[in-house]
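**Q**
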Amino acid sequence: MKTLIATLLIAAPLVAASSFAQAQDTAPAKATAAKKTVHKAAKKPVAKKGAKAAAGAAAAATAVAAVPDVPLSTEDLAVSERVFKGHIPCELGAYVNVAADSANPGYFFVDGRGFKYHMSPVKTTTGTVRLEDKAAGAVWLQIANKSMLMNQKAGQRLADECMSPEQQQVAEAIKKNPPPSLLDAPKPAQ
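In my numbering, the protein residues as written are 1020 to 1209.
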């Protein structure tokens, strides 16, 4: 046992010196290999043991994203007052939770199955309520009778036909008394 320890103590500095010399010769190749290893590790699914660490990292990333970049204008703050908040059911069993960010007035957290965004209001010319997370490319659109969440970067709808209780009332009123069709408008006199 003593011989083994003595051999390791003598050999360790020699191995370290040779690996240092080798590292200087192959540093660019090893850096590329290390980047590939890190990239592959990022793609691997997280084990149960690392799930808590991943959740903590995600929460930290969300907390960083929660810091607003730009103070909101009075027009944007006016838009934020019209946003429907709460648990909003959507078609196909989906849902969206819209909650005001208490630390940043006018900002909202919009989340559901597989997504969470920190959104700010954007003034529109049509009066539609529009919330955006520009970094993620997400957009929440709210009109009188329904809402929709889209991911512009992916080019897909994440949630459609979402209706808060107020929007459900408007949708029912439209069913009972539909507005006149643009195609049925009276023809102008010639």
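A virtual CB, placed ideally from N, CA and C, is assigned to each residue, including glycine. Treat the numbers as computed from the prediction; the structure is a model and nothing was measured.
Less than 8 Å between the CB atoms is what I'm expecting for Asn1170 and Val1189, so what's the real figure, rounded?
**A** About 26 Å; that fails the 8 Å criterion.
**Q** What are the start and end residues of the beta strand (DSSP E) that includes Pro1108?
**A** First-last of the beta strand (DSSP E) with Pro1108: 1105-1108.
**Q** Roughly how far, in whole angstroms, is the beta-carbon of Ala1173 from the beta-carbon of Cys1109, given that I think they are within contact range, below 8 Å?
**A** Not a contact, Cβ separation roughly 17 Å.
**Q** For chain C, check one thing: does any of its Cβ atoms lie closer than 7 Å to the Cβ of Lys1195?
**A** This model lacks chain C altogether, as it is built from one protein chain only.
**Q** Which same chain residues end up closer than 6 Å to Leu1091 when comparing Cβ atoms and leaving out the 5 residues on each side of it in sequence?
**A** The answer, listed in chain order, is Gly1125.
**Q** Kindly list the residues whose CB is nearer than 7 Å to the CB of Tyr1114, restricted to its own chain and excluding five residues on each side of it in sequence; keep chain order.
**A** For Tyr1114, where only same-chain residues beyond five positions count, the Cβ hits under 7 Å are His1106, Ile1107, Pro1108, Gly1131.
**Q** Assuming Phe1128 contacts Lys1135 under a Cβ cut-off of 8 Å, what Cβ separation, rounded to an integer in Å, is found between them?
**A** That pair is a contact at about 7 Å.
**Q** Could you tell me the boundaries of the alpha helix (DSSP H) in which Glu1100 lies?
**A** First-last for Glu1100: undefined, no H or E at that position.
**Q** Note down the Cα distance separating Lys1059 from Glu1094, rounded to an integer number of angstroms.
**A** For Lys1059, the predicted model reports a pLDDT of 43, less than 50, meaning its position is unreliable; a value from the coordinates is still stated below. The straight-line gap from Cα to Cα measures roughly 46 Å.
**Q** With a threshold of 16 other CB atoms inside 10 Å of the CB of Ala1157, please say whether the residue is buried or exposed.
**A** Burial call: buried.
**Q** Determine which residues share a DSSP beta bridge with Gln1161 and list them.
**A** DSSP output for Gln1161 lists Val1148, Ser1166 as bridge partner(s).
**Q** On the premise that Leu1168 lies in contact with Val1102, defined as a C-beta separation below 8 Å, what is that separation, rounded to the nearest angstrom?
**A** In fact, because the Cβ distance is near 13 Å, the residues do not count as touching under 8 Å.
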